[in-house]
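The next block holds one structure in the form of structure tokens; read it before the comments.
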Amino acid sequence: MTSSTSNSKGVSKLLGHIVLLALIVLAINQLLLAALPFVWGDDHFNIRFNYYMDNRESFDTLFIGSSRVYRQMDPAAYDQEMAAFNPLGSYNLGAPANFYPQTYRTFREILANKPQELQTIFFELTPAPLRPEPKNWHTLRQIYWYDPDTTLDLLRSLWTADIEPAEKRLYTAVPLGFLLEKNINFGLGLDMLIFLFTDQYRNENYLGQARNGFYSLEEQIITGTTGTQRTLTDRREAFLADPKELEQRAKSSRRIYNDPALWEAHNPIYLARLRQMIAMAEEAGVELIF
């Protein structure tokens, strides 16, 4: 009896130590996350966001969106046409795989630190990643931007989306898992150290030659690493040899414009967020263009 009681106390003590250690690790991780900028997990985005924040009084127009914005919206071309209306110039803050609600977080951060000079924000509307591809699960870029607000936004959008109930149940666990991974620092410790103590996330090539955030694929082929140059060159040659993807995107766009039923299709949670953004922009004195 005495031996059993002793063993029980030993197990309880061990479990107590494990819980205490877990709480200490969680607390340390929260301190680390609080010390990092919200853009820290994306090498393309981090330096360009920080450059804008350091020089935000120099721009009156901002482009926010995915790689479609990053690679195709040239501020120099825009400024040439709009100099009479936006004399300070524009800045490209698009980034690869930067979709809603990640772009909403960017928008929110911009308005929270809005300079007087900012007049116009172009915001790319992109689908919310309700069903992220499994190949991107557990990657830093997929996880780093999750917070309770964006996670709740995704879950609410998911459960009001027109998709099968089984998929809703499956993909409910995904954003919750990403949020948990981030907050317990599951596999992110090395990435944090790389961010804090190396220059990997501070590649000034990503600012573009004009330092206005526009970094075209053509420019990256010239200035990127050897591996990146080879990858982009191979992609371009493969596309030129068989441009099926462009044809598929053209067909998809035509289908949307030719089907009136799709014009009315929308996610009510996403729509409510967009209306909130419009109100936020109006309050800040910024013209928001989708």
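First residue of the sequence shown? That's 1 in this note's numbering, and the numbers climb one at a time after it.
Glycine is no exception: its CB is placed at the ideal position from the N, C-alpha and C atoms.
inquiry  = Quick check on Y91: does DSSP put it in helix, strand or coil?
reply    = strand
Own chain, CB closer than 6 Å to A281, minus 5 neighbours either side, in chain order = L288
message = Suppose you measure from the CA of L20 to the CA of A161; what does that come to, to the nearest Å?
response = 41 Å
inquiry  = In the DSSP output, what is T223 paired with across the bridge?
reply    = In DSSP, T223 forms no bridge with anything.
query = Does the beta-carbon distance from L111 to A272 come in below 8 Å?
reply = no
Residue range of the unbroken beta strand (DSSP E) whose run includes T120 = 120-123
inquiry  = Check whether the segment 206-225 and the segment 56-76 touch, using three or more Cβ-Cβ pairs below 8 Å as the test.
reply    = yes
ask   = CA-CA distance, P129 and P96?
value = 14 Å
Under 8 Å between C-beta atoms of Y91 and Y146 = no
message = Let's see if you can read the secondary structure: which residues bound the alpha helix (DSSP H) around L288?
response = Where L288 is concerned, there is no enclosing alpha helix (DSSP H), although the beta strand (DSSP E) it sits in stretches over 287-289.
query = What are the boundary residues of the alpha helix (DSSP H) that G177 is part of?
reply = 165-183
query = Alpha carbon to alpha carbon, how far is R131 from L125?
reply = 17 Å
task = For the segment 192-201 and the segment 39-48, state whether three or more C-beta atom pairs, one from each stretch, are separated by less than 8 Å.
result = yes
request  = Go ahead and label Q209 buried or exposed: buried means 16 or more other beta carbons lie within 10 angstroms of its beta carbon, across all protein chains shown.
outcome  = exposed
query = Among residues of its own chain, excluding the 5 on either side of L88, which ones have a beta-carbon nearer than 7 Å to its beta-carbon?
reply = S58, F59, D60, E117
key: Buried or exposed (CB count within 10 angstroms, at least 16 for buried), N113   = exposed
inquiry  = Please identify the residue among W159, L32, N98 whose C-alpha is closest to the C-alpha of L49.
reply    = Reading off the sequence, residue 49 comes out as Phe, not Leu. The option with the nearest alpha carbon to F49 is N98.
request  = Compute the distance between the beta-carbons of G16 and I64, then report whether it is under 8 Å.
outcome  = no
request  = Could you tell me which residues DSSP puts in a beta bridge with G298?
outcome  = The structure shown does not extend to residue 298, since the chain is modelled only from 1 through 290, so no value can be given for it.
message = According to DSSP, is G10 part of a helix, a strand, or is it coil?
response = helix
key: For T151 and L188, believed in contact at Cβ under 8 Å, the rounded distance   = With 8 Å as the limit, L188 and T151 do not qualify as a contact, their Cβ atoms being about 17 Å apart.
ask   = Contact check, L232 vs I222 under 8 Å by CB: the rounded distance?
value = At roughly 10 Å, the Cβ-Cβ gap does not stay under 8 Å, so L232 and I222 are not in contact.
request  = Determine, using beta carbons only, whether R141 and F38 come nearer to each other than 8 Å.
outcome  = no
query = In the DSSP assignment, what residue or residues form a beta bridge with T61?
reply = S90, T120
ask   = What residue does the alpha helix (DSSP H) around F107 start on, and which one ends it?
value = 102-112
task = Could you check what DSSP says for S66 in three-state terms: helix, strand or coil?
result = coil
Local conformation of D199 per DSSP, three classes = coil
message = Excluding the 5 residues flanking N29 on each side, which residues of the same chain have their C-beta closer than 6 Å to its C-beta?
response = N185
request  = Have a look at K9, A84, M82, P101 and flag the residue whose alpha-carbon is nearest the alpha-carbon of Y144.
outcome  = P101
key: Range of the contiguous alpha helix (DSSP H) that encloses F99   = First-last for F99: undefined, no H or E at that position.
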